[in-house]
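Trainee: One structure, pasted below without further comment.
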Amino acid sequence: MNDELLIEECRRVLRRIAWRLQYQAKKISTRELPIIENICGQNQMASVDSKLHLEEMLNSLPDKARFIIEQVVINGVPEEIVAQHLGISQQGVNKFKRKYLGILRKKLESNPQAVKS
Numbered sequence: 305m306n307d308e309l310l311i312e313e314c315r316r317v318l319r320r321i322a323w324r325l326q327y328q329a330k331k332i333s334t335r336e337l338p339i340i341e342n343i344c345g346q347n348q349m350a351s352v353d354s355k356l357h358l359e360e361m362l363n364s365l366p367d368k369a370r371f372i373i374e375q376v377v378i379n380g381v382p383e384e385i386v387a388q389h390l391g392i393s394q395q396g397v398n399k400f401k402r403k404y405l406g407i408l409r410k411k412l413e414s415n416p417q418a419v420k421s
């Protein structure tokens with residue numbers, strides 16, 4: 305009886321962890337990946353232009369925001385580590401990331417030809 309309760313509790317905890325991981329992956333794929341895919345594109349020849357455009361757009365951001373976007377979104381460094389490096393909270397890093405991804409998204413929407421060329 306006690307073993308069955310323990311097994312059921314482990315299953316419940318594992319399901320919760322799996323759900324959180326799935327939710328985070330879905331959130332990243334819907335909010336962050338479209339921006340990177342729009343900038344970098346699929347075509348190898350356009351890749352160089354896209355990378356230059358990405359660098360130009362990132363350089364238009366403030367230093368702290370550029371560092372956060374490069375580390376978290378492009379390089380995949382966890383927000384917690386970036387927060388420790390900058391001496392701010394993880395929530396602060398997340399707030400910067402969301403704010404400046406939104407700004408980059410608006411720039412892309414207002415000038416889609418710069419990405420496609």
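In my numbering, each number is its position in the sequence shown, counted from 1, plus 304. Virtual Cβ for every residue (Gly too), placed ideally from N, Cα, C.
#1: Helix, strand or coil: which one does DSSP assign to G406?
#2: Does the structure place the stretch 314 to 331 close enough to the stretch 369 to 388 that three or more beta carbon pairs sit under 8 Å?
#3: In this structure, does DSSP put I392 in helix, strand or coil?
#4: Note the first and the last residue of the continuous alpha helix (DSSP H) segment covering I372.
#5: Would you kindly work out how many angstroms separate the C-alpha atoms of H389 and R319, rounded to a whole number?
#6: Which residues in the same chain have their Cβ closer than 6 Å to the Cβ of N398, if we skip the five residues on either side of it in sequence?
#7: Would you grab the beta carbon distance between F400 and K368 for me? Rounded to a whole angstrom, and I think it's under 8 Å.
#8: Have a look at L362 and S414 and give me their C-alpha separation to the nearest angstrom.
Mentor: A quick look at the data gives this:
#1: The count along the sequence shown starts at 1 and reaches residue 406 at position 102. Here G406 sits in helix by DSSP.
#2: no
#3: Working through the sequence shown from its first residue, we reach residue 392 at position 88. Coil.
#4: Residue mapping note: residue 372 aligns to position 68 of the sequence shown, counting from 1. Going by DSSP, I372 is part of the alpha helix (DSSP H) stretching over 367 to 372.
#5: Along the sequence shown, one-based indexing puts residue 389 at 85. Along the sequence shown, one-based indexing puts residue 319 at 15. Their Cα atoms are separated by approximately 32 Å.
#6: Walking along the sequence shown from the start, residue 398 turns up at place 94. E383, listed in sequence order.
#7: Looking up residue 400 in the sequence shown gives position 96. Looking up residue 368 in the sequence shown gives position 64. Right, their Cβ atoms sit about 7 Å apart.
#8: Taking the first residue of the sequence shown as 1, we reach residue 362 at position 58. Taking the first residue of the sequence shown as 1, we reach residue 414 at position 110. Going by the C-alpha atoms only, they are around 16 Å apart.
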